[in-house]
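In my numbering, the protein residues as written are 21 to 730.
For every residue, glycine included, the Cβ atom is placed at its ideal position computed from N, Cα and C.
Report on the following structure.
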């Protein structure tokens with residue numbers, strides 16, 4: 021397969037940017053910040069809009085127009101030009117009178133001293149800029165211009181405008197993209213690198229050719245061409261996502277899974293359900309019972325489960341996970357339960373021990389803080405199969421951790437672990453791939469979850485346990501801080517605790533309120549005499565654990581923190597969540613923070629302090645109206661976009677350049693239909709019609725390997 025890409029030489033698209041010509045180190049660093057290292061990356065760095073330099077207006081039209089918003093185009097002849105050098109940063113001012121046959125306009129350039137030797141009377145010139153009609157006539161502040169030869173018929177162009185970073189100009193990107201397009205056009209063997217879509221699919225859906233599409237999106241002759249290219253490239257992004265999911269599903273269905281036949285008969289299931297009800301100190305909600313049934317169905321299949329469990333804060337995910345763990349134990353297997361922090365692992369260990377000990381299950385906790393002798397003893401019991409359930413942190417991933425009969429892996433707050441970490445825990449199974457249940461309290465819109473986690477089956481707990489009292493939420497302006505602080509003092513006087521959350525750690529993070537500054541100020545003023553702690557991401561792991569434990573144990577009365585508390589332990593005594601600069605957060609993240617309170621019997625409150633902005637107040641007002649995490653997530657995705665909502669690019673989520681997970685969801689469904697059908701007929705991509713797709717995927721794998729070793 022790799023021979024088709026050019027033997028031992030680096031394929032065209034995998035070549036570094038320097039293959040397109042000499043580039044300064046600073047320019048390469050700028051492209052690096054945008055994730056652009058190779059020719060392939062550059063060609064997939066798409067423009068987000070176009071400047072239309074076609075169809076110039078006339079001076080007469082500009083005089084008559086009353087609405088001159090935005091920039092306009094003009095083509096005329098320079099009648100006179102004056103160039104003045106200035107002191108200071110501006111350095112120069114150039115003024116020209118330009119006539120287009122319907123009238124004249126005064127064109128003005130600032131800060132371009134070189135124009136003194138370039139512009140001359142009699143030259144034909146195209147200009148684009150902002151125009152205003154004054155008593156002295158029509159004036160244009162020129163943003164861009166081009167001297168047009170007398171014999172050239174002016175047709176104009178669509179100039180692509182690219183995402184940039186500090187120091188990188190649009191012209192630099194445009195120039196390099198032109199070289200990359202020329203390089204690909206000259207390499208007739210590059211089809212396998214640029215076009216993943218099987219020809220039959222492209223023909224059936226009437227898609228444009230990949231080479232044409234890349235040129236049309238970067239150098240369109242018309243907006244219609246750009247739209248047609250964009251349509252094909254969005255489908256391509258979704259198709260590759262869905263194809264990857266379908267390939268992983270097909271591979272998983274070929275893997276051997278642990279034998280759960282002991283608990284798969286109707287009689288065994290009835291006995292299990294009765295045992296679970298006797299062990300739980302509460303009645304399961306209908307949603308919990310439904311999801312447990314979905315998990316039990318997965319465990320009875322001959323291939324490994326790979327299921328995502330979504331549930332709002334407080335919806336009862338732990339009880340569902342405990343049921344899955346008990347199913348594994350009753351089937352004769354061990355279960356591993358991985359949490360992102362030691363304090364969360366301890367919380368889950370305590371919960372599982374209360375439930376599992378009466379059932380005769382042996383539960384242990386494996387974390388980094390254990391003494392060597394204790395750890396060695398636990399490891400030996402795991403290897404010998406004497407332990408049924410092991411709860412731990414990343415400590416479960418070390419090489420010396422072995423299971424005698426691992427059948428189920430549960431990963432809590434799965435977005436806190438990378439793809440490789442999750443795979444490493446699954447690899448602890450012997451000769452079989454253990455069933456996997458990953459859990460998240462981050463509300464993700466259903467359409468978004470089905471797109472991003474397309475290779476997982478998804479269960480949603482969409483019902484809260486009876487009697488849970490959600491926090492009352494209030495949006496307040498900065499001027500109300502003194503009243504809010506007095507309210508928190510009253511809560512503390514009643515024996516309660518409070519969180520104060522800031523969006524940044526220190527002044528360098530450029531936020532109005534910072535955790536360090538607030539801690540210093542409040543300790544000396546509003547919260548003087550109270551026990552106040554400070555928690556943020558730059559603290560070491562042991563320090564974070566210590567502070568969180570002091571708050572959980574009730575020693576600290578107020579915890580000032582960054583969003584590091586977004587995923588934290590249960591502190592039933594905490595009744596107030598105060599968030600400063602709430603406009604800096606997404607709605608879904610604020611909902612997560614709000615979920616830190618309201619876990620006890622007392623009334624709880626979430627207070628969002630934001631700048632006086634009517635639009636922001638309206639957005640935050642959604643949280644005052646509903647406590648449904650999924651509704652909030654849908655709104656958040658509409659406002660902020662799917663990437664901001666998920667914040668999981670580093671965890672293996674597809675990197676979309678054009679596709680929008682919410683807006684383009686119907687396209688995803690079509691792409692998924694095609695990908696599933698293709699893998700259903702050719703699960704290993706061995707048929708001749710899929711050779712080009714296989715070559716494309718191989719080129720992608722080579723590029724990833726090249727990056728990993730560079």
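Closer than 6 Å by C-beta to residue 717: which residues in its own chain qualify, once you throw out the five before and the five after it? Chain order, please.
In the chain shown, the residue the question calls residue 717 occupies position 697. No residues qualify anywhere along the chain.
Quick check: the stretch 467–477 against the stretch 296–303, are at least 3 beta-carbon pairs closer than 8 Å?
The stretch 296–303 makes no contact with the stretch 467–477; the number of CB pairs closer than 8 Å stays below 3.
Decide if residue 440 is buried, meaning its Cβ has at least 16 other Cβ atoms within 10 Å, or exposed.
Taking the first residue of the chain shown as 1, we reach residue 440 at position 420. Classification for residue 440: exposed.
If you measure between the beta carbons of residue 243 and residue 70, is that distance less than 8 Å?
Here residue 243 refers to the residue found at position 223 when the chain shown is read from its first residue. Here residue 70 refers to the residue found at position 50 when the chain shown is read from its first residue. Using a Cβ distance threshold of 8 Å, residue 243 and residue 70 count as a contacting pair.
Nearest to residue 333 (by Cα), restricted to the options 629, 433, 267, 313
By 1-based counting over the chain shown, the position of residue 333 is 313. Of 629, 433, 267, 313, the residue nearest in Cα terms is 433.
Just reading off the beta strand (DSSP E) that residue 570 is part of, what are its end residues?
As a working mapping, residue 570 is identified with position 550 in the chain shown. If you look at residue 570, you'll find it isn't in any beta strand (DSSP E); it sits in the alpha helix (DSSP H) that goes 561–572.
Beta-carbon separation (whole angstroms), residue 456 vs residue 643, contact threshold 8 Å
Taking the chain shown and counting its residues from 1, one reaches residue 456 at position 436. Taking the chain shown and counting its residues from 1, one reaches residue 643 at position 623. So it is not a contact: roughly 33 Å between Cβ atoms.
Nearest CA to the CA of residue 369: which residue from 116, 379, 358?
By 1-based counting over the chain shown, the position of residue 369 is 349. It is 358 whose Cα lies nearest to the Cα of residue 369.
Within 8 Å, do at least three Cβ pairs link the stretch 235–251 to the stretch 266–282?
no
Please state whether DSSP places residue 177 in a helix, a strand or coil.
Translated into the one-based positions of the chain shown, residue 177 becomes position 157. Residue state, collapsed to three classes: coil.
For the stretch 259–307, which segments carrying the alpha helix (DSSP H) assignment without a break, of at least 4 residues, lie completely within its bounds, in sequence order?
List check, alpha helix (DSSP H) in window: 286–299.
Return the bridge partner residues of residue 492 from the DSSP annotation.
Stepping through the chain shown from its first residue, residue 492 is reached at position 472. Partner(s): 625.
Give the secondary structure of residue 517 by DSSP, where H, G and I count as helix, E and B as strand, and everything else as coil.
To locate residue 517, count along the chain shown from 1; it is residue 497. Three-state result, residue 517: strand.
Taking contact to mean at least 3 C-beta pairs separated by less than 8 Å, is the stretch 329–344 in contact with the stretch 390–400?
no
Let me make sure I understand the geometry here. Which of 89, 103, 118, 401 has the alpha-carbon closest to that of residue 95?
Sequence index remark: in the chain shown, residue 95 carries index 75 (1-based). Closest by alpha carbon: 118.
Between the stretch 252–262 and the stretch 208–218, do at least 3 Cβ pairs fall closer than 8 Å?
yes
Out of 623, 656, 576, which one is the CA nearest neighbour of residue 610?
One-based indexing of the chain shown puts residue 610 at position 590. Checking every option, the nearest Cα to that of residue 610 belongs to 656.
Chain B within 8 Å of residue 121, Cβ atoms only:
The structure shown contains no chain B, having only a single protein chain.
On the DSSP bridge list, what partners appear for residue 459?
Residue numbering aside, residue 459 sits at position 439 when the chain shown is read from its first letter. Bridge partners of residue 459: 329.
If you run the structure through DSSP and keep just helix, strand and coil, what is residue 70?
Here residue 70 refers to the residue found at position 50 when the chain shown is read from its first residue. Strand.
Report the residue from 304, 133, 547, 266 whose alpha carbon sits nearest the alpha carbon of residue 476.
As a first step, residue 476 is located in the chain shown; it is residue number 456 there, counting from the start. Comparing Cα positions, the closest option is 266.
So what does residue 147 bridge to, in DSSP terms?
By 1-based counting over the chain shown, the position of residue 147 is 127. Looking at the DSSP assignment, residue 147 forms a beta bridge with 94, 165.
Would the stretch 72–87 and the stretch 109–117 be scored as touching if the rule is three or more Cβ pairs under 8 Å?
no
For residue 423: DSSP bridge partner residues:
In the chain shown, residue 423 corresponds to position 403, counting from 1. Answer by DSSP bridge pairing: none, since residue 423 is not bridged.
8 Å Cβ cutoff met for residue 54 and residue 192:
Position 34 of the chain shown, counted from the start, is the residue given in the question as residue 54. Position 172 of the chain shown, counted from the start, is the residue given in the question as residue 192. Contact: no.
Taking the beta strand (DSSP E) that residue 357 belongs to, which residues open and close that run?
To locate residue 357, count along the chain shown from 1; it is residue 337. Element bounds for residue 357: 354–358.
Would residue 351 and residue 280 qualify as a contact pair, given that the criterion is a beta-carbon distance under 8 Å?
For the purposes of this step, residue 351 is taken as the residue at position 331 of the chain shown. For the purposes of this step, residue 280 is taken as the residue at position 260 of the chain shown. Yes. Within cutoff.
Checking the sheet assignment: what are the DSSP bridge partners for residue 160?
Taking the first residue of the chain shown as 1, we reach residue 160 at position 140. BP columns for residue 160 point to 127, 151.
Thinking C-alpha only, which one of 98, 506, 355, 697 is nearest residue 269?
Here residue 269 is taken as the residue at index 249 of the chain shown, counted from 1. Nearest option by C-alpha distance: 697.
Assuming residue 314 and residue 479 make a contact with CB atoms under 8 Å, what is their CB distance in whole Å?
As a first step, residue 314 must be located in the chain shown, where it is residue number 294. As a first step, residue 479 must be located in the chain shown, where it is residue number 459. 5 Å between Cβ atoms; contact.
Exposed or buried, residue 305, counting other C-beta atoms within 10 Å across all chains shown (16 or more means buried)?
Here residue 305 refers to the residue found at position 285 when the chain shown is read from its first residue. With 16 or more other Cβ atoms within 10 Å, it is buried.
Out of 283, 574, 437, 335, which has the shortest C-alpha to C-alpha gap to residue 648?
Walking along the chain shown from the start, residue 648 turns up at place 628. Looking at the Cα atoms, 335 is the closest of the given residues.
Going by beta-carbon coordinates alone, are residue 522 and residue 538 separated by less than 8 Å?
Position 502 of the chain shown, counted from the start, is the residue given in the question as residue 522. Position 518 of the chain shown, counted from the start, is the residue given in the question as residue 538. The answer is yes: Cβ separation under 8 Å.
Taking Cβ to Cβ, would you say residue 405 is nearer than 8 Å to residue 354?
If you number the chain shown from 1, residue 405 lands on position 385. If you number the chain shown from 1, residue 354 lands on position 334. Contact flag set, yes.
Under 8 Å by Cβ, that's how I've got residue 520 and residue 598 pegged, so tell me the actual separation to the nearest angstrom.
Your numbering for residue 520 matches position 500 in the chain shown. Your numbering for residue 598 matches position 578 in the chain shown. With a Cβ gap of about 5 Å, residue 520 and residue 598 count as contacting.
Of the residues 74, 362, 408, the one placed nearest residue 376, counting alpha carbons only
Within the chain shown, numbered from 1, the residue matching residue 376 stands at position 356. Closest by alpha carbon: 408.
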